[in-house]
Structure formats: C-alpha cells, structure tokens
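Q: If you read the sequences in order, they're chains H and U.
Mapping of the first sequence onto the numbering used here: position 258 corresponds to residue 258, and the numbering continues sequentially without gaps.
Heads up: take any position in the second sequence, counting from 1, add 304, and you land on the numbering used here.
I have a structure I would like to understand better, so I am pasting it below and will then ask my questions one at a time.
There are 2 protein chains.
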Amino acid sequence: MGAVLPDRVSIREVGPRDGLQNEDPVPTADKVRLIDALSATGVGRVEAVSYVHPKAIPQMADADEVWRTVARNPRVRYSALVPNLRGAQRALAGGFTEVEVVVSASDTHNRRNINRATEESLDEIAQLVPALHEGGSTAEVIIATSFGCPYEGDVDPKRVAAIVDRVVADGADRVAFGDTTGMGTPRRVRELLSIVRERHPDVPMLLHFHNTRGTGLANILTALEFGITEYDASVGGLGGCPYAPGASGNVATEEVVHMLHDMGIDTGIDLDKLIEAARLAEQIVGRELPSGVLRAGPRSRTVS
Amino acid sequence: MGAVLPDRVSIREVGPRDGLQNEDPVPTADKVRLIDALSATGVGRVEAVSYVHPKAIPQMADADEVWRTVARNPRVRYSALVPNLRGAQRALAGGFTEVEVVVSASDTHNRRNINRATEESLDEIAQLVPALHEGGSTAEVIIATSFGCPYEGDVDPKRVAAIVDRVVADGADRVAFGDTTGMGTPRRVRELLSIVRERHPDVPMLLHFHNTRGTGLANILTALEFGITEYDASVGGLGGCPYAPGASGNVATEEVVHMLHDMGIDTGIDLDKLIEAARLAEQIVGRELPSGVLRAGPRSRTVS
C-alpha cells in the first residue's frame, strides 16, 4: 500500500525571505546571522533575499547589504526572488545564479498584488527568463495561489496547468507551486499534480506550502507519492499570512525534516543544528515560533 | 494512485476530557456549556468526562456533576474514561453505555502513570471488560504510547499488536491507539496498522493523535488509507503535552473536519458551529488555541 517514495528530498530554506517578509523588519546583521546559521545546517538551498521595491516591502530594503555580508557557503545554493526586470538586474549584479519570479494563477490576486493581469505577468516573464539565462542564472517561475486564492476561492488546476505549459515553453528551468495562503489540502495537491506531472514529467517542480490550516505535512506526504523531491520550508515556521492575522506561515523546516528523516528520506540537514537556528530565529523576531519540533524536540528526545 | 478512502468518518470530540485535563481547572458550568455546544455541532461522539481520583487529576473532580448537568443530546454517543473498577462503577452508575480504559504499551510509561506493569494492567482490564458488559456498557481499550514513549522512545509495533491480541481475546469491543505525546508519524502509523489490521481486520479501531510535532493530519491521512474510520480530536486543539510545556495537544477537530470535508469525506459536523464551539473553548481557558482553521477560517472563506 502506498507509492514508492523518493529516498532523498531537497529542502529550500525560505525563512530569511518569505518568513522575514511577513514579520516586523529586523536588523541587517540579524538576517545575516540567520542565513549563516541556516547555511551551516546542511540544507542544500537558501532563499536569501528578494529584490523588491523598498516601499512595497520595507522588510527587504537591505537585500544588497545582506547578500554582500553573508558568508557564502560553497555547499549551499542561494537564490533571490525578483518581481520584475529591475529586480532581476539587481540579482544578477549581485552574482545570483538562481532567481525566482512570481505570477499568480488567480487573476484577482495578481491584480491586487502587482496591478496587472496574470496574462500580462506571463508576457513579462517571457522576457525575463532569457534575460536571466543571458546573465548566467537559472529562472524558476513560482505560481502563487496554485491551490486556492483568498479572493477567488478555488483555482482550477487546469488554469494552473496552462500557466505551467506557457512558462515551460518560455524556457523556465523549474516551476514552483505556491500555496500562498495555506489553502492547499491533500485533495488539491493530488488534483493539481495529477495533471501537471502527466503533462510535464521531466520539468523540475517544487512545492511551497503554508501551514495556515494544519495541512502542511499532509500535503507534502501527498506530493511525495507523486515523486516530488523539492520543497520550500521556513525555519521555525517563521512568517505569517497577510490575510489571516495570527495565522501560521510557511510549513516549519524542522517539522518537515523530522517527518522525512523518520520516513528514511534523507535531506542532508542536521536537525539539531536546525533547531538551534530556529531558536536564533525566535530571538531575532522576539516571539515564539509555531514549530512543534522546536517546542517539543524530535520524537527521539526522551525524558529521564 | 492512493488507496480507496472511506466516504464517512466518525469523530469523537475529546476536548472536554483529554483537552481540559491538560489545562488549568475550569468551572463546572463552563465544561457543561462546552459539551452542550459541541453536542450541537453534529459530532457523533463526545468523550465527556473521566472518573479518576480527584487528587490525581483535579481537573476532572466534578465529573459526576458535569455529567448530571449536561443536556444529553439523543443524537450523540457520550463516553467516559475510567482508570479502574472503581471508576467503571461510577461511570455505570451515571448511566454511561460507552466506557474506555487505558493501558500503556510502554511498561515504563504504565509504571510512571499508575505504578504497575503493563501486564498487571492487562490482567485488571480482563476483569473490567466483563464488568462493563454486565453493567450495560461497551468496553474500549485505549493503548497509550502506541507510537512511541517519552521515556523509552520507540515502541515495537509487535508489542502493541500483542496487546491488541490480548484485549480482543478478553472481550474488548474496540481498540484505540493513543499517540500520547505526539510521537506518531506516517511511518509509525503505517508500520502499526499494517500489523494490527491484518491480524484483526474486523475489530473496530480508533486513532487518537496529538499534533505535538505537526504530523497530526499526515497521520490521519495515512490511517485513512488503511480504512480507519474513527478518530479522536479536540476542539480548537485544546489541551497540551505534560512532557513538553507549551506544546500542542490533540489534533484540532476543526483541522481534521476541514481536511476530511475537502476530501469529500463526511463527518456529519457543521464546521461553522464547530468553530463557534472552539471560540467558546478559547474563552473558557482564556488563551489562544492552536487550531489553524480557528485562526484563519476554512479555505472557503474568501476576503472581499
């Protein structure tokens, strides 16, 4: 019973970007400390910064300085998120060789976020991808609201699949499915992956879940059955949801790693070091983070 | 891909017992209000009280009064937890027709909890089951630490299976597997159910998960594949873990119901009424409860 699962999974740590972007702004030095601590955990990838307009997202205003100061670990692949060509140029100037761009599957969400239709964003991405390639970077397209939109509700998986078709045709190296506000459920994951994996079995795909409604690990468990081996997660569960004050953010990296390791799936991450990094993240934001494994410790930690 | 899942699941709401037992004591009237609110949600079963010694668990000292005062809803099956024959007699005197007794699969946990070996508890349960039957009640045996012990660590599924063999032979009507401190993971659920379902395909089995390390819904998803249709859950995620201060308690009923309904699995529960009951539970204990669906609302709740 159950599909054959992958024996290795690649985690991208997004706490420094998606996490801190949804917290009150923190000092540059703290961001650098956090990125460096995460880079020492054995994690393979870190989303370090986003090059967005400081008026739109003041939390990321110091992206250049953060990236200049980080002790770049040669074993870690770092990436940056960019909203447009201007951001892409900054990322390339900084030397990033992995860059992500975002488009929302939901037209309403895309308009509210960046004041244009999904179709217009796709046209821009079609220009951005070759520019990134020419600049020496890969181009990942993140499809936000892939599992539901806070304005529109359900998002038709066929619409998401059509966006995949388009960005793959336009040269994207990887497609990420963003569960932007935690509307993903095992059913929605299954429905979407059934379609897109059949149409694009060889395109690298990454899943980005928020644990807003408790389904984060159940969603990952479902995606593992489809052979997906790339996941975003945020140290300590850093971050939140702009549409639901007080709600959880990204699925906590410790919880993901803890479950995967227990299943015999390697991540390369030292869970103890990761928990230390999560404690640092708590100090930096000055509040308790929602990660259960941070609170209770791994299941292997017995009491005497 | 994936097994055929059940189309209906029976939830037992354990917030009034397992939840409140791990909170600071609350007034009798509040317990009654909570039970009555839960009974109006459409939930099929409520674990109402436990008949334990008030010195051991002062939170349940008013069990008789609570049960006398509750407006018993004829559509709800109520149950009581008892530790021994004395408790069973109180439950029978109160008119309960569904009673649960507990034994720990881990010998150390059983000794720390009730100062005797697992084997001795099983001998006592062999006496208790016929006494409950004679008194007009069913007898459910809850096997605590089925997925791990906070003292011993891993618990061999074969040991749990041997306990199932024993209590089924002794007449138990149902076996519940308690993930007492949230050490359950999809792997452990799969390992245990593979064994016990094969040996006892016709014995009603119930799963009781704590969300201590974030795996609650992933565990239920795994158990659904084995055809398990009975689950405990606690309104709002009421409760906690005595071994990990600040950690989450039982899996939150709203999160379970939300995921199941999205999968097309009926529970009979009105999620909006359940969320109202969770708000009442928050008022009663005077703190924010960890349920994500309580915080963020169901995924169908769009913003305007």
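Where is the CB? At the ideal position from N, CA and C, for every residue including glycine.
Which residues, in order along the segment 455 to 483 of chain U, keep a beta-carbon less than 9 Å from a beta-carbon of chain H?
A: Per Cβ criterion, the list reads Tyr455, Glu456, Gly457, Asp458.
Q: Do you know how far the Cα of Pro245/H is from the Cα of Ala333/U?
A: Whole-angstrom Cα-Cα distance: 31 Å.
Q: Can you tell me which of the three DSSP states Thr138/H falls into?
A: Thr138/H falls in the strand class under three-state DSSP.
Q: Anything in chain U within Cβ reach of Arg295/H, meaning under 7 Å, just list it in chain order.
A: Those are Ala548, Gly550, Ala551, listed as they occur along chain U.
Q: Does the contact criterion of 3 or more C-beta pairs under 8 Å hold for the segment 453 to 463 of chain U versus the segment 407 to 424 of chain U?
A: Touching, per the Cβ criterion.
Q: How is the alpha helix (DSSP H) around Glu558/U delimited, first residue to last?
A: Per DSSP, Glu558/U belongs to the alpha helix (DSSP H) from 557 to 566.
Q: What does Asp262/H touch in chain U if you count any residue whose Cβ is under 7 Å from its own?
A: Those within 7 Å of Asp262/H in chain U are Thr489, Arg491.
Q: So what's Val539/U in DSSP terms, helix, strand or just coil?
A: Note: Val539/U maps to helix in three-state DSSP.
Q: I'd like to know whether the C-beta atoms of Arg213/H and Arg603/U end up nearer to each other than 9 Å.
A: Going by C-beta atoms, Arg213/H is nearer than 9 Å to Arg603/U.
Q: Mind pulling the chain H residues with CB within less than 7 Å of Thr516/U?
A: The answer, in chain order, is Gly292, Ala296.
Q: Between which two residues does the alpha helix (DSSP H) containing Glu369/U stretch?
A: Unbroken alpha helix (DSSP H) run through Glu369/U: 367 to 373.
Q: Does the segment 88 to 97 of chain H come into contact with the segment 133 to 144 of chain H, if we say contact requires no fewer than three beta-carbon pairs (one atom in each stretch) closer than 8 Å?
A: Result yes; three or more Cβ-Cβ pairs closer than 8 Å.
Q: In three-state terms, what does DSSP make of Ile11/H?
A: DSSP places Ile11/H in strand when its eight states are reduced to three.
Q: Examine the Cβ distances between the segment 516 to 534 of chain U and the segment 551 to 569 of chain U and report whether three or more of them are shorter than 8 Å.
A: Because the criterion of three Cβ pairs below 8 Å is met, the segment 516 to 534 of chain U and the segment 551 to 569 of chain U touch.
Q: So, does the CB of Ile220/H fall closer than 9 Å to a CB anywhere in chain U?
A: Yes, Ile220/H lies at the interface with chain U (some Cβ there is under 9 Å from its Cβ).
Q: What separation, rounded to the nearest whole angstrom, lies between the Cα atoms of Pro54/H and Leu578/U?
A: Whole-angstrom Cα-Cα distance: 42 Å.
Q: Would His258/H pass as an interface residue toward chain U - the criterion being a Cβ-Cβ separation below 9 Å?
A: For His258/H, the answer is yes, since a Cβ of chain U falls inside 9 Å of its Cβ.
Q: Is the shortest distance between the beta-carbon of Lys592/U and the beta-carbons of chain H less than 9 Å?
A: One detail in the question is off: residue 592/U reads as Glu in this sequence, not Lys. So yes, Glu592/U belongs to the interface.
Q: Give me whichever residues DSSP pairs with Ile143/H in a beta bridge.
A: Answer is Val103/H, Phe177/H, bridged to Ile143/H.
Q: Terminal residues of the continuous alpha helix (DSSP H) containing Arg299/H?
A: Run containing Arg299/H: none; DSSP gives neither H nor E here.
Q: Where does Leu71/H land, buried or exposed, given buried means 16+ other C-beta within 10 angstroms?
A: Checking the sequence, you will find Ala at residue 71/H rather than Leu. So Ala71/H ends up on the exposed side.
Q: Between Ala435/U and the rest of its own chain, which residues show a CB-CB distance below 7 Å, the 5 nearest in sequence each way excluded?
A: For Ala435/U, where only same-chain residues beyond five positions count, the Cβ hits under 7 Å are Leu389, Ala392.
Q: Quick check on Ser300/H - is its C-beta less than 9 Å from some C-beta in chain U?
A: Closer than 9 Å: yes.
Q: Would Val318/U pass as an interface residue toward chain H - the criterion being a Cβ-Cβ separation below 9 Å?
A: Chain H, which has no Cβ nearer than 9 Å to the Cβ of Val318/U, makes this no.
Q: Any beta carbon from chain U within less than 9 Å of Leu207/H's own beta carbon?
A: Taking Cβ atoms only, chain U never reaches closer than 9 Å to Leu207/H, which makes this a no.
Q: Show which residues of chain U have a CB atom less than 7 Å away from the CB atom of Ala252/H.
A: What Ala252/H touches in chain U: Gly518.
Q: Could you give the DSSP three-state label for Gly153/H: helix, strand or coil?
A: Note: Gly153/H maps to strand in three-state DSSP.
Q: Would you kindly report the start and end of the unbroken beta strand (DSSP E) that includes Val380/U?
A: No beta strand (DSSP E) contains Val380/U, which DSSP labels as neither H nor E.
Q: Taking C-alpha atoms, which residue in Ala480/U, Thr519/U, Arg599/U lies nearest to Ala252/H?
A: With distances taken between Cα atoms, Ala252/H lies closest to Thr519/U.
Q: Are there 16 or more other CB atoms within 10 angstroms of the CB of Arg295/H, so buried, or fewer, so exposed?
A: Its Cβ being crowded by 16 or more others within 10 Å, Arg295/H is buried.
Q: Applying the 10 Å Cβ sphere with the 16-neighbour rule, what's the burial state of Pro74/H?
A: So Pro74/H counts as exposed.
Q: Give the straight-line distance between the Cα atoms of Gly348/U and Glu559/U, rounded to the nearest whole angstrom.
A: Straight-line Cα distance between these residues: approximately 17 Å.
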